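Remarks on the structure that follows.
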Amino acid sequence: MPTYLIVNATITDLALLEEYGAGARATLAEHDVTPLVVTNEATVLEGEAGERVVVLQFPTREALTAWYESDAYQAVIGKRFASTKGFAVVVDGLG
Numbered sequence: 006m007p008t009y010l011i012v013n014a015t016i017t018d019l020a021l022l023e024e025y026g027a028g029a030r031a032t033l034a035e036h037d038v039t040p041l042v043v044t045n046e047a048t049v050l051e052g053e054a055g056e057r058v059v060v061l062q063f064p065t066r067e068a069l070t071a072w073y074e075s076d077a078y079q080a081v082i083g084k085r086f087a088s089t090k091g092f093a094v095v096v097d098g099l100g
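Numbering (the numbering used here), first residue to last: 6 to 100.
Rendered as structure tokens:
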């Protein structure tokens, strides 16, 4: 069953976020992942949310966890924390 990482954030440091993005993209190359959405221009229809939205599809929750907990990704994730305020959730798809 596919599993999705969904990130929503308000950008506080665009230059640092761009550094994070370059590093994060490099870590994805080693894993089975499909980027579905990466934007800094989301339109909020309801509630309060940031303009940054990322949706990544992994084949399984285990595959997502392997990427997220990898040494390579953990080496760059601090830049996301320092450059945004928001949240990340993991959800399983239908199937």
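Glycine included, every Cβ here is placed at the ideal spot set by N, Cα and C. Computed from a prediction, not measured in an experiment: that's the story for all the values here.
How close, in whole Å, do the beta carbons of VAL58 and ASN13 come, if the pair is a contact with beta carbons under 8 Å? About 6 Å separates the beta carbons of VAL58 and ASN13, which is inside the 8 Å limit, making them a contact pair.
According to DSSP, simplified to helix, strand and coil, what is THR32? Assigned with DSSP and collapsed to three states, THR32 falls in helix.
In whole angstroms, what separates the C-alpha of LEU69 from that of ILE16? For LEU69 and ILE16, the distance between alpha carbons rounds to 24 Å.
Inter-residue Cα distance where the pair is ASP37 and SER88: So the alpha carbons of these two residues sit roughly 26 Å apart.
Strictly by DSSP, which residues pair up with GLY91? Partner(s): ALA14.
Please report the distance separating the alpha-carbon of LEU6 from that of LEU99. The sequence given here places Met at residue 6; Leu does not occur at that position. Going from the Cα of MET6 to the Cα of LEU99 covers about 7 Å.
If we require 4 or more residues per run, which alpha helix (DSSP H) segments fall completely within the region 61–91? Every alpha helix (DSSP H) of 4 residues or more that sits fully in the region 61–91 is shown, in chain order, as 66–73, 76–79, 82–88.
Which residue marks the beginning of the beta strand (DSSP E) containing THR39, and which one marks its end? Looking at the DSSP string, the run of the beta strand (DSSP E) that includes THR39 is 39–44.
Based on the DSSP secondary-structure assignment, which residues constitute the bridge partners of TYR25? Per DSSP, none; premise fails for TYR25.
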